[in-house]
Each structure stands twice: as C-alpha cells, then as structure tokens.
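One structure is given below, encoded as structure tokens.
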Ligand SMILES: [Zn+2]
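Residue numbers (the working numbering): 806 to 1155.
Given below as structure tokens:
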C-alpha cells in the first residue's frame, strides 16, 4: 500500500508546507511513474509489486484519472487568468519615482506604510511626490481627502464651490460644526493640515468648469471625482481622458455606491464608454433629494483613496476595467468587468 500512502503523504506535505500546486502535481506524476516502473517486465519483482499495492491496470486507470483532473484544473486556471482584467502589465504607477527624502518625524509617521512590502520606502516617496486633485469636498471627498493626507500624498488639490451646511455633517466628516458657513475647501484644508502638516493642500473655492478644467487637471498626476453632479462628472472624465490622467470616480445614492478607475490611456474604458447616456436633469435624484446612509460615502470614498494609493505606488491591481458596486443594505459587493466602447466620443478612435 506504499503507492497510495505516497500520494497521501505528498498531498499532506503540500498543504502543510504550502507548496505550489504545480509542484505537488509534478511530484505526484513522478511518484506515479515510479509505481508504473515497478510493473515493467525488466524490474518486476513480486515483493516490490506487493509493497506498492494494487494492479498495473488499476494504477493505469488511476494515472489517467489524475491526468484528467490535472488538465481540467489547468484549463480552469487558464480561463481564470484570461478573465482577469487588464493585468499588471499596464503601467501601474501614474507618478514617476522621485528623489524625495524624509525627516525623522515623517519616517515615524509613515512607518506602517514603509513596513508594507507593496509600498515600502520607494512607495512612500512616490506618495510624497504625487499630486492628486479631488473634485468635490462632500461625502466622498471627505474620507478620500483625509486618507490622502494621512497617507502622505505630497500635494492635494481640492475644488468645490459650496460652503459647509448643517445638513452636510451627517456624512461629510472632514467638516465640523464650528465651520458651518465656511467654504468647504477651506474647512477641508484645515482638517487635512491638522491631521498631517507635512502635506501641501491647494484649495480652489470654485466650480470645476470648462474654462479651468484642462489647466487644473494638467497640474496633477491623478484625479478623484466625488461630485454628485452629472455635468461635472462628464467634464472631469472628458478632461482626464484628454490629458491621459487616471480618474478614480465614485458615486453613491441612498444605500448603493459604485467605484471604478477610468483610464483609457492605459487600456481601460472611460466613464462615458460605460455610461454613454447622460441622464436628463432631475431623472437621477441627488443625495439631497433621495437621502443617503451616513457611512456609505465613508466606504466608497475610502476605497477611492485606496485606489489612489495603489495607482501611485504601483501596489496590487487597481479597478481599471472593473466596476465595483456595493449594496450596503445587504452588505453585498459585486465587481463586473467593463470594456472600452469603440465608438466612444471621448476615448474611441476618431
Ligand atoms: Zn470612452
């Protein structure tokens, strides 16, 4: 019975020592070949065959079945690899590697980042050299801006025409009761500087409009869009696509949020590829009209900051070519693949 015992031992050792699956399969194939060799006329001895156990035909069938399973698994993982969206072969980082250096206070502040294999010292330097523009200092902008500041993004621009109102504070946690009436961008600046004095904040107290869009986006490496206004959202998408800047865009309503990285310059679709039809004014209710659960912008806005950190440092796989939809009411999250639309007026061939 040594034959079967050998397979069991291989499987157990593979699990225990966390061998790669292919290594376990390769060793199993070798073991099977050895068992078959025992049955060869030139080696065949009754003692060996008895020790191995089973019959030649039995082992032959066993081997064929094993090969079938291996082939099935191989095909399955090949399919999975093909289904993976826009692999890491696309340039991951939007930011060139900088020569920034850190003082002792900054090293201490970012120590937990520097410990991460995917970020480390070089990633933290990239964050420091990065320039990120956040459009909207509302529900999504609040956590996104705070985490960008905490993460050490060197320059953070924020543009918003509004002032802080009491009804914002149920979810816009970057603002404070004592700052009601203050322009949101200055309130956000105060909160970010209080959290991390090492970052530069550039507040723009105005609407993101055609006349300034290109000049402003050109100054940044990456844009985060958290507006609830369709006109602005399409304009931000168009501007980012034209200037080849990755766009991390989130949207929320009531209990549901969505998030993606629109990046047509790096093979991903743009927002308009997937949402070509602009809703008629008034057709999609805003948060002010339909309501929104307080922590929802926290979830989606925080994920926007996470995507930004990944894009800047090159860690992991950003949501390029994927759209994440989160249903907070049922705590369900789905990620669907999205593709470039050839006739897209923003990023299609023209
Ligand atoms: Zn497009």
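Cβ atoms here follow ideal geometry from the backbone N, Cα and C, with glycine treated the same way.
With contacts defined by Cβ atoms closer than 7 Å, residue 808 and residue 840 form a contacting pair.
Taking C-alpha positions only, residue 1108 is separated from residue 1064 by approximately 8 Å. Only residues of its own chain outside the window of five on either side were considered, and among them 925, 926, 929 have a CB closer than 7 Å to the CB of residue 919, listed in chain order. Short of 8 Å from the beta carbon of residue 990, and not among the five residues preceding or following it, lie these beta carbons of its own chain, in chain order: 942, 963, 964, 965, 1008, 1009, 1010.
Between the beta-carbon of residue 1112 and that of residue 1066 there is about 6 Å, and that keeps the pair under the 8 Å contact cut.
Secondary structure at residue 832: helix, using DSSP grouped into helix, strand and coil. Annotation for residue 987: 968, 969 place their beta carbon closer than 7 Å to its own, counting only its chain and skipping 5 residues before and after. Taking C-beta atoms under 8 Å as the contact rule, residue 1028 and residue 940 qualify, at a distance of about 7 Å.
Less than 7 Å separates the beta-carbon of residue 1140 from that of residue 1127.
The three-state reading of DSSP puts residue 847 in coil, since its state is none of H, G, I, E or B. Closer than 6 Å to some heavy atom of ligand 1: that does not describe the Cβ of residue 1143.
For residue 1025, the closest C-alpha among the options 1015, 1033, 1050, 1003 is that of 1050. Beta-bridge partners of residue 1009 (DSSP): 964. Burial of residue 1013 is indicated by the presence of at least 16 other C-beta atoms within 10 angstroms of its C-beta.
Each residue's CA atom was taken as its position, placing residue 879 and residue 1138 some 28 Å apart. Remark: the shortest separation between the CB of residue 1151 and any heavy atom of ligand 1 falls under 6 Å. Residue 979 is positioned such that its CB atom lies closer than 7 Å to that of residue 947. In the three-state reduction of the DSSP assignment, residue 929 falls in the helix class, which pools H, G and I. Residue 992 is classed as buried because its beta carbon has at least 16 other beta carbons within 10 Å across all chains shown. Ligand 1 never approaches residue 1045 closely enough for any of its heavy atoms to be under 6 Å from the residue's Cβ.
Taking all protein chains in view, the Cβ of residue 997 is crowded by 16 or more other Cβ atoms within 10 Å, so the residue is classified as buried.
In the DSSP assignment, residue 1131 forms a beta bridge with 1062, 1138. Between ligand 1 and the CB of residue 1077, the shortest heavy atom gap is smaller than 6 Å.
Counting only runs that start and end inside the segment 977-1048, the beta strand (DSSP E) elements of at least 3 residues fall at 1005-1009, 1027-1030. When C-alpha distances from residue 1101 are compared across 1130, 1118, 1115, the shortest belongs to 1130. Of the other Cβ atoms in all chains shown, fewer than 16 fall within 10 Å of the Cβ of residue 923; this residue is therefore exposed. Boundaries of the alpha helix (DSSP H) harbouring residue 1101: 1100-1118, taken from the DSSP string.
For residue 951, the closest alpha carbon among the candidates 1143, 1146, 1000 is that of 1000. Comparing C-alpha distances from residue 1145 to each of 1046, 851, 1037, 1091 shows the shortest one belongs to 1046.
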